[in-house]
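Here's the structure we're looking at; comments come further down.
Residue numbers (this note's numbering), protein chains in the order written: chain G, 59 to 285; chain B, 162 to 392; chain R, 50 to 289.
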């Protein structure tokens, strides 16, 4: 194992097509540990496709992606250990309770479900009162908090967020940003897709913009310093 | 190191099986509907075969197995439905670990479900069709187990695909039933042989066929699952 | 940080039309029929009906042959993820469906004057009918799946399992009929050694090859055309 420091994410010429339609056309970028990057762009510009490729949910047609040095094609398992995707869909099981949903998430990583830890995380995302309610009876915002709680239960080094502010009130937004800041503090990195740049600007270090599957230089006014 | 990896996969298998069974227990409507449909099928076959008790008795093994197939097929697409509703399938695939663990977990949950349905249906069939179960009760239960394993293996496998495309209710039987012809033939023949006392030892070749079929397709499904479960 | 544009992705290279294969196949097929009708005498038991078997039996062989191609190409696709193997598998499956259907239909036509019914539960005929259903399931799955990559992966898995099962289906149906001693088709051994059958087997093999290569070419052309339409829609911007 080399002691070389790897970028958190390294994409080289990533291209992906769905059938004959190219969603990504040769995207190359690097995200360093400790960086929070916002990914902007119109609908259909390829943002979700790129994120899903990095998360190993998708195998890109061309190009390479490395997460902390691990190639997503050959070391997908290693990538999945250290990264997490919080997607558009919550992926919550509606007939299970909040606790059971989280218990399942922990057990799917092969670990035993520690009831104490799970309860602590449920409190942390503000679902303490609903711990034993079935997800079906929660609001959309509350279900999204379950998705957040899932991430809190797993220490990851790369977070990939697709529209994380959807359905959240100010408190929910604050929690997302808190999650991201903590990650940065630990030396991790994150890529956030959002339409709502105002909510993300407090935590974001720089922005990238996709248009029709290719990166474009954002106009200077959008470059931000975090603070 | 290898033992740790196996232990992790088995933990994942248990987690998936638990999740599917827990979800099913909550919404018992599914189980009740399948059992009701199976009972209805048994009755309808009775009407279709006519009043002649001998004809009914002779057809009993075949009717039993067709009932299992027609009602069991309702189980498989449903087992993927919970994942599809809220986009949980993609997340399920992103947990570190092997894909076959997901198949194994779903297989176990579906097997438990179908066996439970059979546990209700078999006594009903014995009564309605005058099946002399007492001649070889454990052997018949054994055949039901073997046949169900083959059925659930292929059902769980094909439903991973059928549940995600148009016309899923029709596509699953269309894909599944031709593949189950050996299971149907072997199970019915073995069951019928045991019901009639198995004088000629006919059952042996059929039981062997079932064992071979189950082994081959369980392995094939476990190996091929990663190719069908991904996006 | 945009990448440089590169060549368009138009799928596997389109093979040239094999006109010589088409011509050879047609001539051979016609010639063989004339030869076998002229040279073979009416069979002792079946009379002129026997001549159906000259087509029926090779069709059955080609159905098996096609399923072997499907198996190999499907494994090839899962191994390499190269689209051309998917096209080969699909072409072989379509040809196989045709030959299987023909086998069943000819078998039924043969059965009518022989047994007075359109169907006997003969082992070979029945297992061929099941094989036909397995093929149809494969085609139905392809038709129901829009995304080409998913379609290729799923077809490959289904094709492999189906091909594995073909032998098991046949064995189980044969045992089923044997135990019950149902009348089965009389042995076709008598005609096995006639030239009529051998030549027909070769003719059918040529037909199979012609169907598969032509269908493969058509699929490559479809893919190339779709890619060109996509490029045109983007106003000429091409990438790799």
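Even for Gly, the Cβ is constructed at its ideal location relative to N, Cα and C.
Start-to-end residues for the alpha helix (DSSP H) that takes in residue i
i                     : result
residue 80 (chain G)  : Segment 79 to 89 is the beta strand (DSSP E) holding residue 80 (chain G); no alpha helix (DSSP H) there.
residue 188 (chain R) : 172 to 193
residue 147 (chain G) : Unbroken run through residue 147 (chain G): none, as it is neither H nor E.
residue 309 (chain B) : 298 to 323
residue 217 (chain B) : 214 to 219
residue 396 (chain B) : Chain B is shown only over 162 to 392; residue 396 (chain B) falls outside these bounds and no answer can be derived.
residue 198 (chain G) : 198 to 210
residue 181 (chain B) : 163 to 187
residue 228 (chain G) : 228 to 243
residue 257 (chain G) : 255 to 258
residue 135 (chain R) : 132 to 164
residue 390 (chain B) : 364 to 390
residue 251 (chain B) : 249 to 255
residue 290 (chain B) : Note, residue 290 (chain B): premise wrong, no alpha helix (DSSP H); not H, not E.
residue 207 (chain B) : 190 to 210
residue 159 (chain G) : 156 to 165
residue 80 (chain R)  : 68 to 88
residue 99 (chain R)  : 99 to 129
residue 225 (chain G) : Looking at the DSSP string, residue 225 (chain G) is not in any alpha helix (DSSP H), and its letter there is neither H nor E.
residue 108 (chain G) : 105 to 112
residue 140 (chain G) : 134 to 140
Between the CA atoms of residue j and residue i - distance to the nearest angstrom
i                     : j                     : result
residue 233 (chain R) : residue 87 (chain R)  : Legend: pLDDT at residue 233 (chain R) = 49, less than 50; position of this residue unreliable, value from coordinates given subsequently. Their Cα atoms are separated by approximately 29 Å.
residue 170 (chain R) : residue 265 (chain B) : 37 Å
residue 88 (chain G)  : residue 68 (chain G)  : 5 Å
residue 254 (chain R) : residue 244 (chain R) : 15 Å
residue 225 (chain B) : residue 274 (chain B) : 17 Å
residue 268 (chain B) : residue 260 (chain B) : 13 Å
residue 271 (chain B) : residue 187 (chain B) : 15 Å
residue 184 (chain G) : residue 248 (chain B) : 23 Å
residue 249 (chain R) : residue 162 (chain R) : 23 Å
residue 205 (chain R) : residue 182 (chain R) : 17 Å
residue 231 (chain B) : residue 277 (chain B) : 15 Å
residue 279 (chain R) : residue 192 (chain G) : 46 Å
residue 291 (chain G) : residue 64 (chain G)  : Residue 291 (chain G) lies beyond the range of chain G shown here (59 to 285); nothing can be said about it.
residue 212 (chain R) : residue 193 (chain B) : 37 Å
residue 252 (chain G) : residue 263 (chain G) : 14 Å
residue 152 (chain R) : residue 105 (chain R) : 5 Å
residue 390 (chain B) : residue 179 (chain G) : 31 Å
residue 119 (chain R) : residue 110 (chain G) : 32 Å
residue 237 (chain G) : residue 96 (chain G)  : 15 Å
residue 121 (chain G) : residue 280 (chain B) : 54 Å
residue 364 (chain B) : residue 306 (chain B) : 15 Å
residue 249 (chain G) : residue 227 (chain G) : 21 Å
residue 217 (chain G) : residue 192 (chain R) : 38 Å
residue 172 (chain B) : residue 319 (chain B) : 24 Å
Range covered by the beta strand (DSSP E) that runs through residue i
i                     : result
residue 74 (chain G)  : 67 to 76
residue 94 (chain G)  : 94 to 99
residue 121 (chain G) : 120 to 125
residue 274 (chain G) : 272 to 274
residue 220 (chain G) : 216 to 220
residue 249 (chain G) : 247 to 251
residue 267 (chain G) : 264 to 269
Residue i: contacting residues in chain R (beta-carbon distance under 7 Å)
i                     : result
residue 322 (chain B) : 190, 203
residue 301 (chain B) : Simply none; closest approach about 19 Å.
Under 7 Å from the C-beta of residue i: neighbouring residues of chain G
i                     : result
residue 279 (chain R) : 78, 79
residue 172 (chain B) : 165, 168
Partner residues on chain B for residue i, Cβ-Cβ distance less than 7 Å
i                     : result
residue 194 (chain R) : 326
Under 9 Å from the C-beta of residue i: neighbouring residues of chain G
i                    : result
residue 61 (chain R) : Chain G residues near residue 61 (chain R): none, gap ~13 Å exceeds 9 Å.
8 Å Cβ cut-off: residues of chain R touching residue i
i                     : result
residue 205 (chain B) : Here the premise fails: no neighbours, minimum Cβ distance about 24 Å.
residue 388 (chain B) : 127, 202, 203, 205, 206
residue 198 (chain B) : Those do not exist, as residue 198 (chain B) stays about 23 Å from chain R at its closest Cβ, beyond 8 Å.
Neighbour list for residue i in chain B, Cβ cutoff strictly below 9 Å
i                     : result
residue 214 (chain G) : Chain B residues near residue 214 (chain G): none, gap ~11 Å exceeds 9 Å.
residue 213 (chain R) : 377, 378, 381
residue 124 (chain G) : In chain order: nothing, as chain B lies at least about 17 Å away.
Assumed close pair residue i, residue j - CB separation to whole angstroms, cut-off 8 Å
i                     : j                     : result
residue 74 (chain R)  : residue 259 (chain R) : 5 Å
residue 132 (chain R) : residue 208 (chain R) : 15 Å between Cβ atoms; not a contact.
residue 311 (chain B) : residue 371 (chain B) : 7 Å
Minimum Cβ-Cβ distance from residue i to chain D less than 8 Å
i                     : result
residue 135 (chain G) : Absent from the structure is chain D; the protein chains it does hold are G, B and R.
Residue i Cβ short of 7 Å to the ligand SAH heavy atom set
i                     : result
residue 204 (chain G) : Here there are no bound small molecules, and the ligand SAH is not part of this structure.
Contacts that residue i makes with chain B (C-beta to C-beta distance below 8 Å)
i                     : result
residue 209 (chain R) : 381, 385
residue 154 (chain G) : 180, 183, 184, 187
residue 114 (chain G) : 255
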